[in-house]
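Residue numbers for the sequence shown follow our numbering, beginning at 38 and rising by one.
Okay, so here's the structure we're looking at.
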Amino acid sequence: MQGYRGRALELLKSISAEVGDRIKMEKAERIYEGLLMPRTELGDPEHIVVKLDSGYNLGVKVDKNTKISKIGKGKRPKMGMPPTEFKPDPEKPDITIVGTGGTIASRIDYRTGAVHPAFSTQEIYNAVPELADIANIKTVVASNVLSENMTPELWTKIAETVAEELNQGADGVVVAHGTDTMGYTGAALSFMLKNLTKPVVLVGSQRSSDRPSSDASLNLIGAVTVARSDLAGVYVVMHGSTEDEFCLIHRGTKVRKCHTSRRDAFQTVNEIPIGEVREGEISLFQEVERRSEGKVKVDSKFEEKVALVKTYPNIQSDIIEDLLDQDYKGIVLEGTGLGHTPEFLYSGIEKAIERGVPVVMTSQCLWGRVNMRVYSTGRDLLQLGVIPGEDMLPEAAYVKLMWVLSHAKDLEEVRELMLENIAGEITSRSRPDIFLKPIIPEG
């Protein structure tokens, strides 16, 4: 009875229940039925955890009025599965899965209840045997970190691994990545990978692979399907709805994780998605580059001393001045609305630009584009020398400025490159129909 103690353990012993058995609990006129799950060793002694038929785990607090019964004998859940051997099929394309860590390669630690990287990429492949019907899979590991620990150095290692696999004959590459910073890595690969003649697809999961409600399987199948297609470029493939229906294909520089836990958390911002993958078929919503021949190159020069600063009421210039004192070389602002900051920030911005440190303006609104000529605040900032970020996502602008600073010789060239659409990060016009709309209940 791993992890159980106190009142919960007493109740389970009274019905001779073991982890994996099907049990029913009645409490306050409500009935909970499901498979008995193990508890974390650090959990409290008053909850029993069951896995509902929906796949979700539910903790039920027990008291003296809780009724419990065992309604079926089961098997203890196992973490993982034995490896499966798949023979290469010369008729199928060769796809490399590059592991970096993250939830798609994670499992639950029942000692602490934490989710942490544990599966190798080979174990991912074994967990989704359907991939063998789509392509010959090779797995390599570029890193093994949670995505919040990504760095420019690791971006470079991922890019070099991707390029090496493509140049050695892989027909496409899937990068298994944690969801929290996938947008940053998608942007970084978009700027680094030059002459990209094949698809590179980032994929992750919102829920760990050992949960029945996990989105890992469909996401991986969708990602490999795109990786074997005739597209070329950097994409993100993730669930397109809360059900296991289809995956959306997002451009690597225009995608953001917009929800902490929903399976359809990823949204294309300021343009429509590239397309969708449904039942093994790809439908495109816009024209994109197609597969061709050529050697992929990696341009991995980044200036790491770049800051992303969110503006807010009463923000003061010492925020900017402290960055200058620490020798930061570039600043991206998440401004309000059309691209504004409080006047309190003006002196710091002016000092930065006078020192040759570029300041780029994006909007924390996300949808829409920066337009700094509408109000006097925006015009003042333009007069100071702030570079408008058009409709770039703040994270895309941040990564782009890191890349641009290592390629530009002066502030004017930085401005020119930041205003140039290099990897699909800027759209030429804003579509009024692209925006997330709330569901309004009837009545």
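Glycine residues also receive a C-beta, built at the ideal position from the N, C-alpha and C atoms.
Please read these numbers as outputs of a predicted model, since none were measured by experiment.
DSSP places R293 inside the beta strand (DSSP E), whose first and last residues are V292 to K294.
With contacts defined by Cβ atoms closer than 8 Å, V237 and L226 form a contacting pair.
Per DSSP, H444 has no beta-bridge partner at all. Taken in chain order, the complete beta strand (DSSP E) segments of 3 or more residues contained in the segment 289 to 340 are 292 to 294, 303 to 305, 312 to 315 and 318 to 321. Of the residues S467, L168, Q304 and L473, the one whose Cα lies closest to the Cα of V407 is S467.
G215 places its beta carbon less than 8 Å from that of L183.
Relative to G277, the option among K294, D470, N204 and D81 whose CA is nearest is K294. By the neighbour-count definition (other C-beta atoms within 10 Å, threshold 16), H377 is a buried residue. In the DSSP assignment, E63 falls within the unbroken beta strand (DSSP E) covering R59 to K64. The residue from T279, M275 and I286 with its alpha-carbon nearest to that of L268 is I286.
Remark: three or more beta-carbon pairs, one from each stretch, lie closer than 8 Å, so the segment 425 to 433 and the segment 390 to 406 are flagged as touching.
When secondary structure is reduced to three states using DSSP, T222 falls in the helix class. The beta carbon of V274 is closer than 6 Å to those of V238, V240, G259, A260, V263, C284 and I286 in its chain, skipping five residues each way along the sequence. Below 8 Å, enough C-beta pairs join the segment 375 to 392 and the segment 335 to 352 to call them touching: three or more. The Cβ atoms of L345 and V325 do not sit closer than 8 Å to each other.
G71 and P431 have their C-alpha atoms some 44 Å from each other. Separation of E308 and D470 (C-alpha to C-alpha, rounded to the nearest whole angstrom) is 9 Å. Secondary structure at S106: strand, using DSSP grouped into helix, strand and coil.
When DSSP assignments are scanned along the segment 223 to 281, the uninterrupted stretches of beta strand (DSSP E) that are 3 or more residues long and fall wholly within it turn out to be 236 to 240 and 270 to 276. About 6 Å separates the beta carbon of M429 from that of I463, a gap short enough to meet the 8 Å contact definition. Between E83 and A45, the gap from beta carbon to beta carbon is short of 8 Å. Sorting P478, I357 and T222 by C-alpha distance to the C-alpha of G385 places I357 at the top. Here V177 is actually not in contact with E197; their C-beta atoms are around 11 Å apart, not less than 8 Å. Counting the other Cβ atoms within 10 Å of the Cβ of Y435 gives 16 or more, which makes it buried. In this structure, S337 places its C-beta atom within 8 Å of the C-beta atom of M229. With contacts defined by Cβ atoms closer than 8 Å, A224 and T290 form a contacting pair.
The three-state reading of DSSP puts D470 in coil, since its state is none of H, G, I, E or B. In the same chain as K175, and ignoring 5 residues on each side of it, the C-beta atoms closer than 8 Å to its own belong to D131, I132, T133, I134, E202 and A207, in chain order. Rounded to whole angstroms, the gap between the alpha carbons of N102 and F472 is 50 Å. Taking D90 as the centre and dropping the five residues before and after it, the same chain places the C-beta of G71 closer than 7 Å to its C-beta, in chain order. Within the same chain, and ignoring the five residues on either side of P125 in sequence, the residues whose Cβ sits closer than 7 Å to its Cβ are N173.
Under the three-state reduction of DSSP output, S465 falls in the coil class, being neither helix nor strand. Per DSSP, reduced to three states, the secondary structure at A196 is helical. Per DSSP, the beta-bridge partners of T133 are K175 and V210.
Between the C-alpha atoms of V343 and N458 there is a straight-line separation of about 20 Å. Taking a 10 Å sphere around the C-beta of L375, we find 16 or more other C-beta atoms and assign the residue as buried.
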